[in-house]
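Peer 1:
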Amino acid sequence: MIRYRVAGCEAPITIVTTLTDRQRFTAEDIAELYGLRWDVEVDIRSYKFSMGMCELRCLTPENLDREIAVAVLGYNLVRVLMCDTAAVLEVHPREISFSSARDAWLAFHDERDTINDVAWRIHSAGSHLVRNRPGRNEPRR
121 MIRYRVAGCE APITIVTTLT DRQRFTAEDI AELYGLRWDV EVDIRSYKFS
171 MGMCELRCLT PENLDREIAV AVLGYNLVRV LMCDTAAVLE VHPREISFSS
221 ARDAWLAFHD ERDTINDVAW RIHSAGSHLV RNRPGRNEPR R
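In terms of the numbering used here, the sequence shown has 171 at position 51, counting the first letter as 1, and numbering is strictly consecutive.
#1: Counting along the chain, where does the beta strand (DSSP E) carrying ILE135 start and finish?
#2: In chain order, which continuous runs of the beta strand (DSSP E) of length 3 or greater are located wholly inside the segment 127 to 189?
#3: Going by DSSP, what residues sit across from TYR195 in a beta bridge?
#4: Please name the residue, chosen from TYR195, ALA131 and MET121, that lies closest to PHE145 on a Cα-to-Cα basis.
#5: For the beta strand (DSSP E) that ARG123 lies in, which residues bound it at each end?
#6: Count Cβ pairs between the segment 185 to 204 and the segment 160 to 176 that sit closer than 8 Å; are there 3 or more?
#7: Rounded to whole angstroms, what's the CA-CA distance from ILE135 to ALA227? Just pull it up for me.
#8: Going straight from the alpha carbon of THR138 to that of ARG186, what length do you get?
#9: Taking all protein chains shown into account, do 16 or more other C-beta atoms lie within 10 angstroms of the C-beta of ILE164, making it buried, or fewer, making it exposed?
#10: Tell me, to the nearest whole angstrom, how far the beta carbon of GLU215 is from that of ALA206; I am working on the premise that it is less than 8 Å.
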């Protein structure tokens, strides 16, 4: 168990871990890993809401597999747009709003896209950067 103080928070957080080698894993290392793990938890929750996956509609196992696969494909397409946008803007992909990138993809996607269309999509996705909010408690309620 470690106690770690997050910048901007009054009370330290307590993390229970099986990584007990204090020379190999510092409190800062464990806190960073916990932060990354927390990002994944929040991302999964956001994914379910953003992609309409809170309630699956299909009834058969085969169709459920297809429904999930299509949602994951759509999610990955949006993430590619976010990564491309982040590279152009020289920011981290987490700074690009997922819902804005999704909306840009849906609004402008066409199989006849030109390079200008793709550039406009990247511009649109990058127009809503997410501010860095250190110590933010997620998920919001």
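Even glycine gets a Cβ: it sits at the ideal position worked out from N, Cα and C.
Peer 2: Let me lay it out:
#1: Segment 133 to 135, the beta strand (DSSP E) holding ILE135.
#2: Runs found: 133 to 135.
#3: None, per the DSSP bridge assignment.
#4: Measuring from the Cα of PHE145, the nearest candidate turns out to be MET121.
#5: For ARG123, the enclosing beta strand (DSSP E) stretches over residues 122 to 124.
#6: Result yes; three or more Cβ-Cβ pairs closer than 8 Å.
#7: Just so you know, the alpha carbons of ILE135 and ALA227 end up roughly 43 Å apart.
#8: Near 37 Å, if we compare the C-alpha coordinates of ARG186 and THR138.
#9: By the neighbour-count rule (16 or more Cβ atoms within 10 Å), ILE164 is not buried but exposed.
#10: About 7 Å; that satisfies the 8 Å criterion.
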